[in-house]
Amino acid sequence: MKIGILGAGAMGSLVGAHLMKGGAEVYFVDPYVKHMQAVEREGLHMELEEQEEETVKITMAVSDASKAGTCDLVILLVKGMNTKSSIEANRELFGEDTVVISLQNGLGNVDILKEFFSTGQIGYGVLKASATLRAPGRIAGRVKFPYSPKGVWFSPLEKDTPYRHLFEEMEKILERGGFPAALSEQTEAIMWDKLFINILYNAPCALVQLAGEDFMRHEEGRKLLKELAREVCEVASARGVPMDPEEYWKKERENMAQVPLNEHHFTSTVLDVFKQRKTEVEFLNGAVCREGKKYGIPTPYNEAVYYLLRVREDTYDLMFEG
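Heads up: the sequence shown begins at 6 in this note's numbering, then just goes up one per residue.
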């Protein structure tokens, strides 16, 4: 199978390398030219937890999609705000029968895909893995977390899609390549589990430039996080994914209590704000607010966080510098 990775940064590279190991032809497409050149020249070097370091040769790594050509399946891992422009700029990857699977953070990417593809061609999923770009051509990370039996869960948007065989083949390839994968009807519920974490720690922590653990340890910080948790659980439940706010909050408090005091994990949104880049808040807190309006559920805490971060990212050039 010929698979394109549109958005072959750290996470896209991690997934793509394991697809390559599983027997697929894999084409990395990403605007970060130095990373693509390094992978094309030397392969992708991976330092993964609980595994030996290795270098995986990729079929092709380019910034020009026309060199890769039409793929059987494309995995989308660009940031949400770049979904539409990335598809438009890389049309050469997509044929009439190309399946497109979004493994992106948040809500709303699938709606954008519907503007370009039939529902039968669209899939969505959630990654329970991590990756960091150490240098061009080099990543570190892990293919799954201890609390999750799989590193990726995915599903077609249309249960009886005529392209189901491509989804099934992707699952097999990932498993063969050492990336635990599940083609599962539970994907949406697991996606909301991850969204719960993203809502709590991405935008709020970015606003104050703190690690999630440190935000949770602050008394007023916990009060805000608990309200954000309640709102996202109420919206998820209204959409048909039951989430008990008290149960989820208790579990998250217990998880955070196990993190050593000297460990500080900064989310991607914290880093985006630090580097004065656009964030994915539209697809996180913003999406929860929009879904809340759809179902008549007030989301004042998510709205406040969303508004504040939008102000922050739109006014980087006006910030006080002392």
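Ideal placement from N, C-alpha and C gives every residue a C-beta, glycine not left out.
Here K155 really is in contact with A187; their C-beta atoms are around 5 Å apart, less than 8 Å.
Where T137 is concerned, the enclosing beta strand (DSSP E) starts and stops at 135-140. Residue state for Y321 is assigned as helix, using DSSP reduced to three classes. Annotation for V264: E218 place their beta carbon closer than 6 Å to its own, counting only its chain and skipping 5 residues before and after.
Within the stretch 148-217, the beta strand (DSSP E) runs of at least 3 residues that lie entirely inside it are, in chain order, 157-161, 186-188.
Annotation: M16 is outside any beta strand (DSSP E); the continuous alpha helix (DSSP H) that includes it extends over 15-26. With a minimum length of 4 residues, the unbroken runs of alpha helix (DSSP H) contained wholly in the stretch 242-293 fall at 250-262, 273-279.
In this structure G12 touches V83 by the C-beta definition: roughly 4 Å separates them, less than 8 Å.
The beta-carbon separation of E174 and M6, rounded to 6 Å, stays under the 8 Å limit for a contact. In this structure, the alpha-carbon of M86 lies about 11 Å from that of L112. Within the same chain, and ignoring the five residues on either side of N207 in sequence, the residues whose Cβ sits closer than 6 Å to its Cβ are T272, T274, L289.
Per DSSP, the continuous alpha helix (DSSP H) segment holding A70 begins and ends at 70-73. S242 and M248 have their C-alpha atoms roughly 6 Å apart. If you draw a straight line from the Cα of Y37 to the Cα of V115, it is about 24 Å long.
Inclusion of E236 and V293 in the CB contact set at 8 Å is warranted, their separation being smaller than that value.
For V83, there is no enclosing beta strand (DSSP E), as DSSP marks it with neither H nor E. In this structure, the beta-carbon distance from A136 to A15 falls below 8 Å. Pairing E30 with T64 gives a Cβ-Cβ distance under 8 Å. L118: member of the alpha helix (DSSP H) spanning 114-118, first to last residue.
Within the DSSP bridge table, the entry for K299 names no partner. Beyond the five residues adjoining it in sequence on each side, F184 comes within less than 6 Å, by CB distance, of H23, V148, G156 in the same chain, given in chain order.
For M51, the uninterrupted beta strand (DSSP E) segment begins and ends at 49-53.
In the structure shown, A29 falls within a coil segment according to DSSP collapsed to helix, strand and coil. In the structure shown, G125 falls within a helical segment according to DSSP collapsed to helix, strand and coil. Nearest to M221 by C-alpha distance, out of V104, L230, Q214, is L230.
In terms of CA proximity to F121, V104 leads the group L19, V104, A145. Straight through space, the alpha carbons of H40 and V79 are spaced by roughly 19 Å.
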